[in-house]
Structures are given as structure tokens and as C-alpha cells.
Amino acid sequence: MSLQSSTPSAVSTLYQAWQALRSERPSLRARDAAQHLSVSEAELTASRLGVDTVRLRPEWAGLLPALGELGYIMALTRNGHCVHERKGYYREVSVAANGQMGLVVSADIDLRLFMGGWASVFAVAEETSRGTRRSIQIFDQQGTAVHKVFLTEDSELAAWEPLVGRFRAEEQSDELDLRPQPDPAQPRPDAEIDVDSLREGWATLKDTHHFFALLKRHGAERTQALRLAGTEWAEQLDTSELPRLMEEAGAREVPIMVFVGNRHCIQIHSGTVSNLKWLDTWFNVLDPEFSLHLQTAGVTQLWRVRKPSADGVITSWEAFDAQGQLVVQLFGARKPGIPEREDWRALAESAPAL
Numbered sequence: 001m002s003l004q005s006s007t008p009s010a011v012s013t014l015y016q017a018w019q020a021l022r023s024e025r026p027s028l029r030a031r032d033a034a035q036h037l038s039v040s041e042a043e044l045t046a047s048r049l050g051v052d053t054v055r056l057r058p059e060w061a062g063l064l065p066a067l068g069e070l071g072y073i074m075a076l077t078r079n080g081h082c083v084h085e086r087k088g089y090y091r092e093v094s095v096a097a098n099g100q101m102g103l104v105v106s107a108d109i110d111l112r113l114f115m116g117g118w119a120s121v122f123a124v125a126e127e128t129s130r131g132t133r134r135s136i137q138i139f140d141q142q143g144t145a146v147h148k149v150f151l152t153e154d155s156e157l158a159a160w161e162p163l164v165g166r167f168r169a170e171e172q173s174d175e176l177d178l179r180p181q182p183d184p185a186q187p188r189p190d191a192e193i194d195v196d197s198l199r200e201g202w203a204t205l206k207d208t209h210h211f212f213a214l215l216k217r218h219g220a221e222r223t224q225a226l227r228l229a230g231t232e233w234a235e236q237l238d239t240s241e242l243p244r245l246m247e248e249a250g251a252r253e254v255p256i257m258v259f260v261g262n263r264h265c266i267q268i269h270s271g272t273v274s275n276l277k278w279l280d281t282w283f284n285v286l287d288p289e290f291s292l293h294l295q296t297a298g299v300t301q302l303w304r305v306r307k308p309s310a311d312g313v314i315t316s317w318e319a320f321d322a323q324g325q326l327v328v329q330l331f332g333a334r335k336p337g338i339p340e341r342e343d344w345r346a347l348a349e350s351a352p353a354l
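Per full-length UniProt numbering, the very first residue in the sequence shown carries number 1; after that it's consecutive.
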């Protein structure tokens, strides 16, 4: 990567503080280092401009399809308690005309993109003990990482510099227009929810994608709706059942869909899981093309959820953190128009409700 027009301010007090921290704790990841230094991860990344990082223009409709030129990559999306890594090819990319929504629907990289809050993007070429690690990193208006794409040993390395050069921002500024996190909407009290109407709407769903609209129509939080739906549609489970389910799915070779997301991106893996490992309270999938790192201590609620559809009842497991935010969702692998797998349903129904 060409790094001309390096500015002294880029090699700043923040960058120096980060390097000092890295010398003490070399395994500390950027997200955790930013928290330690009381800055956002985007600010930390911007402090590297002129060192090993280039700021790119946030032209999503052009940049996202161009990632396909990099060939076989690793896509990473995470939230506060779960990291989802999937290797494959960035293909079949579409961005809505209004620039607010996007999809990647290749066989291996499967993403739902909500770009209204996307803000900045950087190309990073970091020197590590294993060589240069190249990545495209996207951040939201609060400076939180939305989505990252890493080159692998099998990527098209020759495409890297031309892509960076094509989308390089004219002004390599470390200034970010960060905005405070919007205050979350206050949940309505249970007494203000029309429970009968909620249950009726739930029972008449024809598409699981209409579930969000159902919640919005009734002004219900997701976990609140699960509580009020009745045991026909939602049952709370012991959180310890979540890794057990994945272990059973792996042992029985049941293909599953694993959804992990944040406010601006959802990443999906479809297939079997096999190499499952515990590390302290982290439960990990370490397969060649798919990795998952789940901090089980962050999961405070687990629900078995059933939603009717034109293809029959669709069963999922949904894990939430203490703030009621989704950490991970599990479904049986399926395509639209095809009923739910019987082996998945039997597995999903095997855990006793609380």
C-alpha cells in the first residue's frame, strides 16, 4: 500500500499511547484497546493514517461490489458478545437506490446491510508476526466497527492496491464526525400492549421477515413480545442449553443457520459445524470456513421461538444480552419455499422450557 502524504498529526498522541499499550499487552485487540484508551475504534484506526492505513471514500454502492475483486476473503461481523467470521467470495452484492439497504447473497458470504448509520471506512495493512494483514474496515456514526473484510492467503493480492487507490479519499484526515449513540426508546409497559392482538398477528404471520413489522405495529420490544406471546410461540430456556444445542447439531451433522449482527449489519452462516471448543467462558466454532466466538457470560436470556409462515412453522433459538439486544440466532438451514428440516425441529424442541 502506498502511504504518501503522511501527516505528523496522524502519528499522534493517541497512536503513541496505543503502541505503548500494545507493547505491554501485544494480544490486545483494537476494540478492547479503544475501550482501554477511552476512544472509539474508528478514532483508533484513524490515528494510523500515514502509518499503515488509508482512509477511503464511503461510496458503498461502488466499494462493496468492488470487494469481489479481492477473491477469497474472510468477512467479520460482531456485536458486544459474539464474533462471526465467514470465508468466501463477495459476490451478488446489491445496494438499494436510496443507499440505505444492501445485500450480499453469495453461497458463502451472506449479509444484510443497514447502511443509514454507516460513516467511515479504512484500508489497513498491518504488519504482524505472520506477515502483512490487510483489511477493509467500516465504522458507524458512533465510531463502532460495523463490518470488516480481511484478505486471506488465497485472496487476490494484486487487486489490493488498485482497489485502495481507486477509493482513496482525497483528504487523509483523522477527523471523524462522530455522533452520540441515540437514546434507546423506552419500552411500553406490558399493560399498554394489546396482547390479544399481538398473539393474533403472530398466529397469522405468513413470512418470518414480517416479524419486525409486527413488533413495531404493537410498540413491543422483542423480548417483551416473547414474554407475552404465550408458550405456543415462545418459551424461555436455560442459557446453558445454547452451546449444548450447537454441540448436538455438530454431532448429528444437522446443518444450521447462524445469524450474528449489530445495528448495521447481519452476517449469516449456513451449514454444519464440527470443530467446537471451549476457552474459559468463550464457546467457539473453529471450522475451516466458519468461526464463531461466543462469550456465553454475555447471554442472559435464551428463547425458543416459533413463527408461522407459508412454509409451515419456523423454529429458532434467540439469545439476548442484559440490554435485550440479540446476540445470536439459530435456525435450521433452509431456503424460502422449503419447509423446516425435521432433524432441526426435533433438536430445537428437545430442550425443556424453564
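Glycine residues also receive a C-beta, built at the ideal position from the N, C-alpha and C atoms.
Since the model is a prediction, treat every value here as computed from it, not as a measurement.
DSSP places Q325 in no beta strand (DSSP E); its state is neither H nor E. Taking all protein chains in view, the Cβ of L354 is surrounded by fewer than 16 other Cβ atoms within 10 Å, so the residue is classified as exposed. Here the alpha carbons of V51 and S38 stand approximately 21 Å from one another. Beta-bridge partners of M74 (DSSP): K87 and F150. Secondary structure at Q16: helix, using DSSP grouped into helix, strand and coil. Nearest C-alpha to W118 among A96, A145 and A191: A145. Here the alpha carbon of H293 sits roughly 17 Å from the alpha carbon of G271.
Within 10 angstroms of the beta-carbon of W317 lie 16 or more other beta-carbons, which makes it buried. In the same chain as F167, and ignoring 5 residues on each side of it, the C-beta atoms closer than 6 Å to its own belong to L56, R57 and L63, in chain order. DSSP, read as helix, strand or coil, puts S40 in coil.
Cβ-Cβ separation between L76 and F150: approximately 7 Å, consistent with a contact (criterion under 8 Å). Residue ranges of uninterrupted beta strand (DSSP E) with 3 or more members, entirely inside the UniProt domain "Haemin-degrading HemS/ChuX" (220 to 349) and ordered along the chain, are 234 to 237, 256 to 261, 265 to 271, 276 to 279, 282 to 286, 290 to 295, 301 to 307, 314 to 320 and 326 to 332. Taking a contact as a CB-CB distance under 8 Å, the pair I266 and L111 counts as one, their CB atoms being some 7 Å apart.
Just measuring C-alpha positions, the residue of P26, S23, P336 and S40 sitting nearest R179 is S40. Judged by DSSP in its simplified three-state form, L113 adopts strand.
Our two residues, S309 and D207, have alpha carbons roughly 5 Å apart in a direct line.
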